[in-house]
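Per full-length UniProt numbering, the very first residue in the sequence shown carries number 1; after that it's consecutive. Where is the CB? At the ideal position from N, CA and C, for every residue including glycine. Note that the coordinates shown come from a computational prediction; the quantities given were computed from them, not determined experimentally. Notes follow once the structure below has been shown.
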Amino acid sequence: MSESIERNHRHVYQGEVISDKNDKTITVVVDTYKNHPVYKKRIKYSKKYYAQDDKNEAKVGDTVRIMETRPLSRTKRFRLVEIVKKSV
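In structure tokens:
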């Protein structure tokens, strides 16, 4: 009988790196849009996440994909999955 380990659903976000000054840590800003309940206008929300970047490969301006993980520090709950687009 083979057992497969299945993990819970983890959030995956795509955003832009705004800081890479910390060692093995990047700051990513993620934009989301929600409809206003009364006026039905789309409103843009931005949120910053700290993500683990073990190889220090992401630079400021890169578009990256991050995934939710166990707490890595007091503020880090995400890790870098891939760099979608490099900055110029």
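Taking a cut-off of 8 Å for Cβ pairs, the region 4–18 and the region 58–69 touch, as three or more such pairs fall below it. Apart from the 5 residues on each side of it in sequence, K76 sits with its Cβ closer than 8 Å to the Cβ of T25, Y50, A51 and Q52 in its chain, given in chain order. Nearest C-alpha to N56 among K44, R79, R74 and E6: R79. Within the same chain, K24 come within 7 Å of D54 by CB-CB distance, once the 5 residues on both sides are set aside. Residue range V12 to S19 is occupied by the beta strand (DSSP E) that includes I18.
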